[in-house]
Structures are given as C-alpha cells and as structure tokens.
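Protein chains: 2
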Amino acid sequence: MVNSLSVQITLEKPVTNADRTFYQLRKDIVEGVIPAGSKLSETELSTKYEVSRAVIREGINRLAACHLVERKANIGAKVVSLTPEGLIQLYQVREALEGMAARLAARHMSDEEVASLQGLLDSHFNKVKDAQLYYQEAGDVDFHYRIVTGSKNSHLISVLIDGLYHLVRMYRVQLGMAGPRVTTAFDEHRHIVNAIANRDEELAEMLMRRHILYSKNNIENKLSATPT
Amino acid sequence: MVNSLSVQITLEKPVTNADRTFYQLRKDIVEGVIPAGSKLSETELSTKYEVSRAVIREGINRLAACHLVERKANIGAKVVSLTPEGLIQLYQVREALEGMAARLAARHMSDEEVASLQGLLDSHFNKVKDAQLYYQEAGDVDFHYRIVTGSKNSHLISVLIDGLYHLVRMYRVQLGMAGPRVTTAFDEHRHIVNAIANRDEELAEMLMRRHILYSKNNIENKLSATPT
DNA sequence: TTAGTGGTTATTGTCGACAAAGTGGTGTTA
DNA sequence: TAACACCACTTTGTCGACAATAACCACTAA
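Top line first, the protein sequences correspond to chains E and D.
Per our numbering, the very first residue in the first sequence carries number 1; after that it's consecutive.
Per our numbering, the very first residue in the second sequence carries number 1; after that it's consecutive.
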C-alpha cells in the first residue's frame, strides 16, 4: 500500500543483464545522478557498471527510444538538455493522453477497480492531513497510474508509463519542482474519480484535462517566477 | 508534390549500417514482406541482410521500441500479431493526440503554412475527381502529417510520426483496408483546415477528433462485416 | 594573427566467437 | 500409457577485438 509507487515502476522485472543495466541507467539519469547534458561514453560506462560495451550500447539505444538521451551517429549520446518549453509540451501531450485515459477508464474500469481507487483516495486523504509532501510525490503518481491502466488501452499505457512519465519525473527533478498544489489537486482527484464512478466519460475526460492543465499553468508560473 | 509522401517517411536519412537495416526491416514488416506473427531469427536475418548479428539485434531492439515486434528475453522476437481491438485502441490514441495536434496547429502554424495546407487540399480536390484511390493513401497521410508537424510539439510529433503511424500502416496492410471514405473524408479535411485558418482551437480539435472517430467507426463496421 | 591542413588520438560502429538459456526429443519408470 | 528426467541442439545474451569515423592539436602559410 505504502510502496505501491515502487511496485508500479518495478513492475517490469529485469531478466537479463542488459535489462538491469538499462533500468539502472534510466534511474540514474532521471534522478540526476548522471547530470543533464552530460555525455554518455560507452567505454566509461562499461567500466563503471561492470558490463560489456554491447550491454551499455543496448541500454543507451533504449534510452534514446524513450527520448531520455539524444544519440548522434559516430558522435555519441547526451542526456537530453531540458527546456521549460519542453516541459510545457510534455504536459500538452499528457493532457491529451490522460484525458482519453480517464474517458476510457470510465468506460472500462470494473466496479471493484473503481472501489479500490476510491479507497486509495481515502487513504491519501488521511495522509494529506499529516505529511503533505508525501502525498504529492507518491500519491499523485499512483493516482494517475491507476487511471491510465484502467483505460485498458495498451498503447496508451505504454506511451505514458514507459515513456512520458519518466521524462516528466526527470524534468521535475532537474527543474527542482518538488510537490506543489497538494490540497487542491486532491479535490480534483476526488472529482475525477466521482465522474468515473458515475461512468460519465465526457466529464471524466474534461476534469482530467483541466487537472493537468492546472498543473501546467502552475509550472509555468513557477518557471517565470524563477528565471534561472 | 506527388512524392511528398515518400519525402516525409524518408525524412530520416540513414547514416550508419544499423540505420539502413532498421529502416529496411521496418519497411518489410510494415508492408507484410515479413508476415505478422513470424519469428525474427537473428542469425537468419543477419545472413539475409548481409550484416552482423549485432546490427540485426539493434534493429530488432528499435523495432521493439516502436511496438512493431515483441521481444521476449532468451526466446526471441516476433512480429506483433494484430487484433481488431488493437487497431481500435490505436485509433483512440490517435483521436487524443491528433485532436491536440489540431488545437496546437491552430495556435502555432504560420499563415504561410496554413496557406500551403489549403493549397494542398486544393490539389487533392482535383485528384479526387480523377483517381480517388490515390487520394486516400497518400493524401490522407500527407494531410495528417502536416497538421501534426504544425503543432510544433516535438513529443507529439515523434510519438505519431515515428511510432503510431507505422503501426497504423501495418495494421491497415495486414487487415487489408485500402482506401475507404474518400469524398466525405475530404470534406472533413476542408473543415478542419478552415477551423485552423480561423485560429479556432476548440473547433479544430473537435473536428479532428470527429474525423478520426468516423474513421474508427468505419473500420469497426468493416471488421464486423468480414469476420475472417 | 588567423585560416587552413595534416596527422594523431579517442570514440563509436561492426564483427566473429564464446557463454548461457531455452527447446525438443529420447528413454526410463511408475 | 503418461509423466518425468536427462541430454543434445538451437537460439539468444555477452564479450573482446578490429575497422571506421570524428574530434583535437600542432604546424604551415598568407
């Protein structure tokens, strides 16, 4: 329950060495251990992670497919340098995709899943009163994760879970945005779940889009306030 | 003008051997030269395409990232077996993403781009009267391609152009859907462009979503009519 | 001084071979 | 006969070495 966040991320079990290395690389990049803009030397990484260069190469290729690094032929790969505009664009895509996810979740989630989701919100509500910071990071991700998987649309799920969410996390870490909008976001989550419970596809999509749009506006304000 | 379709697909120039092999593999898979469901043997392909196994491996990995093949560790990769449900899900994602693309295109396309897009529709209009089949295949792709790039959102562009569109083409080839809905689709295109020219984001998104929804419904009817 | 040129070095691209895991068939036993 | 264990074989995973390309630096000439 507490570690449902880690469960969702670690859902993909590494079976081969290349898998493990890829997950480790992704983790280090997303969390900033490997800083943004830095170059990924294959030989250097191969000694550092104690695997062959081929394994590192495969990892870098997979990272490039996720748009976490940019690879140029015969030159090398760099961790993507993030711009505020890029983050805004990312939220535009999220708005479209997660709006559709909410619509499909209202259509396809089972009653049990909806009930479980409501239970999740209840447990979050208790934590919001105590430690607000915890809610934002884990709870928000958890909530969105459930909606997306509830859509039962595999393409939607993979684009968001395997792709965009890692990018968003990376942007947030790099730009230093911890956990804003706690209480109001919670109310928005509640309304979205209510719409899903009522099987109101139209409303669920609209509320989800607004929810993400608010987050985007919030970020825009933060960015313009601190012109680093 | 005539080959603007090929231009857009071939926009990505292969520089390395692995690139060339990947593009060739993708082409062969999308066009059905390598049939759906068939296994991709690394050794076999390496002799067939006259490159090393490592090059083939990289290609397969990139194909897996596009969801054109499914790879299982220590077992191998198979060309994705396509289900009608998968195609429906794909169109749901398209509806969300291209709807947003139309909205952003209405916001960000330059007046020159809009004028050029209108010119494209005019040239299509002439061809529709003569050879209808041509329009559907190239023209429709071309139209959507311009809207997507007009959004100026790099994430949106890459997900659609590099990812979903190849999948859609493959599904269409495999399920044998050539070119339906020619004339009505043309009118829908016209209305979408008008909305963009008027900078009416809301309407542009709505019309694009309807346009794709109609295509989806059309496909659903075709699929239920021919229960192969 | 600066622009251009040549060679040197480091990095990536490609390859073939070995290691490890899975698959299929054969034989044995309950 | 059916189920299980074992063995051989095929295929993928991993590795180190070689080839090709690009970046760097020194050198020359205007």
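Yeah, the Cβ is synthetic: ideal placement off N, Cα and C, and Gly gets one too.
For clarity, every value in this text was computed on a predicted model and none was experimentally measured.
Against chain D: residues of the stretch 75–102 of chain E by CB proximity under 8 Å: Only those residues of the stretch 75–102 of chain E whose C-beta falls short of 8 Å from the nearest C-beta of chain D are listed: G86, Q89, L90, Q92, V93, E95, A96, L97, G99 and M100.
For Y171 (chain E), which of E:R190, E:L68 and E:K72 has the nearest alpha-carbon? E:L68
Does N217 (chain E) get closer than 7 Å to chain D when you measure Cβ to Cβ? At least 7 Å separates the CB of N217 (chain E) from every CB of chain D.
Distance, R199 (chain D) Cα to L207 (chain D) Cα: If you draw a straight line from the Cα of L207 (chain D) to the Cα of R199 (chain D), it comes to about 13 Å.
Going by DSSP, what residues sit across from K72 (chain D) in a beta bridge? D:G76
Can we say the stretch 143–162 of chain D touches the stretch 82–94 of chain E, given the rule of at least three CB pairs closer than 8 Å? yes
For K152 (chain D), which of helix, strand or coil comes out of DSSP? coil
Flag this pair as touching only if the stretch 201–218 of chain D and the stretch 95–107 of chain D have three or more C-beta atom pairs under 8 Å; answer yes or no. yes
Smallest Cα separation from F186 (chain D): which of D:A197, D:V114, D:H124 and D:S158? D:H124
Does the Cβ of S233 (chain E) have 16 or more other Cβ atoms within 10 Å, making it buried, or fewer, making it exposed? Coverage of chain E is limited to positions 1 through 228, which leaves residue 233 (chain E) absent and any answer about it impossible.
Less than 7 Å between the beta carbons of T21 (chain D) and G59 (chain D), yes or no? yes
Inter-residue Cα distance where the pair is H144 (chain D) and I212 (chain D): As the crow flies, the alpha-carbon of H144 (chain D) is around 10 Å from that of I212 (chain D).
Could you give the distance in angstroms between the alpha-carbon of E50 (chain E) and the alpha-carbon of S110 (chain D)? 51 Å
Please state whether the Cβ-Cβ distance between A106 (chain D) and E220 (chain D) is less than 7 Å. Result no, Cβ atoms of A106 (chain D) and E220 (chain D) do not sit closer than 7 Å.
When D:R169, D:E112 and D:Q174 are compared against R146 (chain D), the one with the closest alpha-carbon: D:E112
Mapping DSSP to helix, strand and coil, what is T228 (chain E)? Residue placement at T228 (chain E) is flagged as unreliable, the pLDDT there being 48, under the threshold of 50; a coordinate-derived value is accordingly withheld.
Helix, strand or coil: which one does DSSP assign to K27 (chain E)? helix
Quick one: Cα of G176 (chain E) to Cα of L117 (chain D), how far? So the alpha carbons of these two residues sit roughly 41 Å apart.
Does the stretch 69–81 of chain D come close enough to the stretch 35–54 of chain D that 3 or more CB-CB pairs lie under 8 Å? yes
Once the 5 residues before and after S6 (chain D) are set aside, which same chain residues still bring their CB inside 8 Å of it? At S6 (chain D), the pLDDT of 37 sits below 50, so the modelled position is not reliable and the matter cannot be decided from this model.
With distance defined between alpha-carbon atoms, name the residue in E:I56, E:K222 and E:C66 nearest to A18 (chain E). E:I56
Would you mind telling me which residues of chain D sit closer than 8 Å to H62 (chain E), beta carbon to beta carbon, in chain order? Per the sequence presented here, residue 62 (chain E) reads as Arg, with His not at that position. Going along chain D in sequence order, the residues near R62 (chain E) (Cβ under 8 Å) are N61 and A65.
Express the C-alpha separation of H191 (chain E) and T184 (chain D) in angstroms, rounding to a whole number. Rounded to whole angstroms, T184 (chain D) to H191 (chain E) spans 39 Å at the Cα level.
So that I know if they touch, is there some Cβ in chain D lying closer than 7 Å to that of H155 (chain E)? yes
Between V193 (chain E) and R53 (chain D), what straight-line distance do the alpha-carbon atoms span, to the nearest angstrom? For the pair V193 (chain E) and R53 (chain D), the Cα-to-Cα distance works out to about 50 Å.
When you compare only the Cα positions, how much space is there between Q8 (chain E) and I157 (chain D)? Because Q8 (chain E) sits at a pLDDT of 42, beneath the cut-off of 50, its placement in the model cannot be relied upon, and the point is left open.
Determine, for V15 (chain D), whether the minimum Cβ-Cβ distance to residues of chain E falls below 7 Å. yes
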